[in-house]
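Novice: Numbering (full-length UniProt numbering), first residue to last: 31 to 181.
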Amino acid sequence: GVNECTFIAVKPDGVQRKLVGEIVRRFERRGFKLVGLKLVRVSEDLLREHYWDLRSKPFFSGLLTYMSSGPIVAMVWQGLDVVKTARKMMGETNPADSLPGTIRGDFCVEVGRNVIHGSDSVESAQKEISLWFGHDELQCWGPSSSRWVYN
Ligand code: DAT
Ligand code: MG
């Protein structure tokens with residue numbers, strides 16, 4: 031429903047390449063609501079938990095090194111079907127397979143430097159939001175523009 035939330039992160043390469051504003055802008059303009067945002071440098075322990083399902087992959091340790099190599103912009107966005115729509119906005123995991131117009135299709139070329147993370151299901155979104163954010167870091171704010179986005 032309209033209250034669905036997803037976890038989105040601008041990865042260290044996206045921050046270094048000054049893509050934060052562009053990425054936030056795309057979610058804002060789509061009509062989604064920002065409910066959490068912070069710039070963080072996270073430990074490999076948190077990342078190991080975040081990417082636990084990939085622990086047996088050959089790229090796992092490189093992924094942890096990359097993700098802990100600099101600050102990340104962690105965000106929570108809310109709105110109708112935001113989990114699925116955010117994945118569409120991001121493009122495919124491998125930027126080479128991502129269409130122009132998607133974030134990965136517009137701003138990157140390699141799977142190991144794909145600038146953005148987004149939860150892949152409502153269930154993983156809930157897990158990731160509670161891993162990255164405390165309750166006091168999420169804001170419930172004015173619905174004043176929602177009647178212009180939803181009917
Ligand atoms: P996504 O980020 O699209 O959800 P995923 O969850 O399968 O993709 O993998 C998490 C991240 O791991 C991905 O964004 C980049 C990295 N990754 C995935 N497949 C990879 C591969 N074949 N080689 C190197 N890195 C990979
Ligand atoms: Mg994933």
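A virtual CB, placed ideally from N, CA and C, is assigned to each residue, including glycine.
Would R117 pass as a contact of G148 if the rule is Cβ separation under 7 Å?
Specialist: yes
Novice: From K87 to N144, what does the alpha carbon distance come to, in whole angstroms?
Specialist: 17 Å
Novice: Suppose you measure from the CA of V40 to the CA of I102; what does that come to, to the nearest Å?
Specialist: 6 Å
Novice: Take L93 as the anchor and find which of V72, N33 and M105 has the nearest alpha-carbon.
Specialist: V72
Novice: What is the rounded straight-line gap between the Cα of W82 and the Cα of V70?
Specialist: 20 Å
Novice: With contact counted as at least three CB pairs below 8 Å, one residue from each stretch, are the stretch 47-66 and the stretch 130-141 in contact?
Specialist: yes
Novice: Should T115 go down as buried or exposed, given a rule of 16 or more other Cβ atoms within 10 Å for buried?
Specialist: buried
Novice: What residues match up with K68 in a beta bridge as DSSP calls it?
Specialist: A104
Novice: Applying the 10 Å Cβ sphere with the 16-neighbour rule, what's the burial state of T36?
Specialist: buried
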